[in-house]
Amino acid sequence: MNKQLLQNIDFYRQKLQTYYRLSPDMHKNLNRHLKPHLLSTCCALGEIPATQEDRILGLSKAYDYMVQAVQTELGEDTLLSLHGLLYADTDKGQAGQYRFDDLHVFRTAYTPPASEEISHLIQHFFQQMDYSRKQFHPIEFASLSHKRILDICPFSHGNFCVAYLFLNLLLLRDGYGIALLPAFRCGEYFEAIKASQKPVFPEIDSLTDLIAVSVLEGEKLSCSLLPLS
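With the numbering used here applied, the sequence shown covers 1344 to 1572.
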């Protein structure tokens, strides 16, 4: 990863952490200010239509859960809860349930594993998290975890949104800002995911760099919302 980019990210991270220590309540207020920006990104990914108020409400509930889960142990239930809150009011039959059918992701021209493999793959993913966390920079670890969820695509729909929320959950746990991906970069994001899922010579750097830039933009926005000197 770009060292200068990481230095800039850590600079803003330190500023935010210093302020949170001085004013703990401001962290909660900041999360409320950032919620519309994250909701906008999920809408831009195309899985939550901005015109459907019930889905926006579900996304808002999933965001609140994401913020609360920063202090809890992560596991399979975390993903199921995120998806369950997203679709509880619009698709109760599949909300918080793994898919039963095979899937092809047209946006990235990718076919994920068969449905009967999902539970085992997700459990293995969480079992390996502690080891993987020690091997990578936190932003790289969060990016790879985000990609792994999309590799598995455990749900019939909403995988990009759940993976994006989980990405930000990991970033918040390590003291970073939320990764804000603007709508005009969503095409670049899908291309980066597509490149990372190539069966031969997959390329992950484009995705991790894009997420790192999104984290930096999120931290800059956070700092602009706080009375920092």
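A virtual CB, placed ideally from N, CA and C, is assigned to each residue, including glycine.
CB of residue i within 8 Å of CB of residue j, strictly
i        : j        : result
Leu-1523 : Tyr-1532 : no
Arg-1405 : Leu-1373 : Note on identity: in this sequence residue 1405 is Ala, with Arg being the wrong assignment. Cβ distance not < 8 Å, so Ala-1405 and Leu-1373 don't count as in contact.
Ile-1492 : Ile-1461 : no
Ile-1554 : Ser-1475 : no
Tyr-1355 : Lys-1541 : no
Val-1556 : Gly-1520 : no
Asp-1517 : Pro-1545 : no
Leu-1568 : His-1376 : yes
N-terminal and C-terminal residue of the alpha helix (DSSP H) that residue i is part of
i        : result
Phe-1479 : Counting along the chain, Phe-1479 falls outside any alpha helix (DSSP H), and DSSP gives it neither H nor E.
Asn-1345 : It is not in any alpha helix (DSSP H) - Asn-1345 carries neither H nor E in the DSSP assignment.
Val-1543 : Segment: none, Val-1543 is in no alpha helix (DSSP H) and carries neither H nor E.
Residue i (DSSP reduced to helix, strand or coil)
i        : result
Tyr-1519 : coil
Val-1505 : helix
Val-1448 : strand
Tyr-1441 : coil
Per-residue burial, residue i [other beta carbons within 10 Å of its own, 16 or more giving buried]
i        : result
Pro-1455 : buried
Pro-1379 : exposed
Phe-1527 : exposed
Pro-1497 : buried
Arg-1398 : buried
Item to complete: Please confirm if the stretch 1401-1415 is in contact with the stretch 1461-1472, defined as three or more CB-CB distances below 8 Å between the two stretches.
Response: no
Discussion item. Under 8 Å, with one C-beta from each stretch per pair, do the stretch 1412-1426 and the stretch 1435-1442 reach the 3-pair mark?
Written reply: yes
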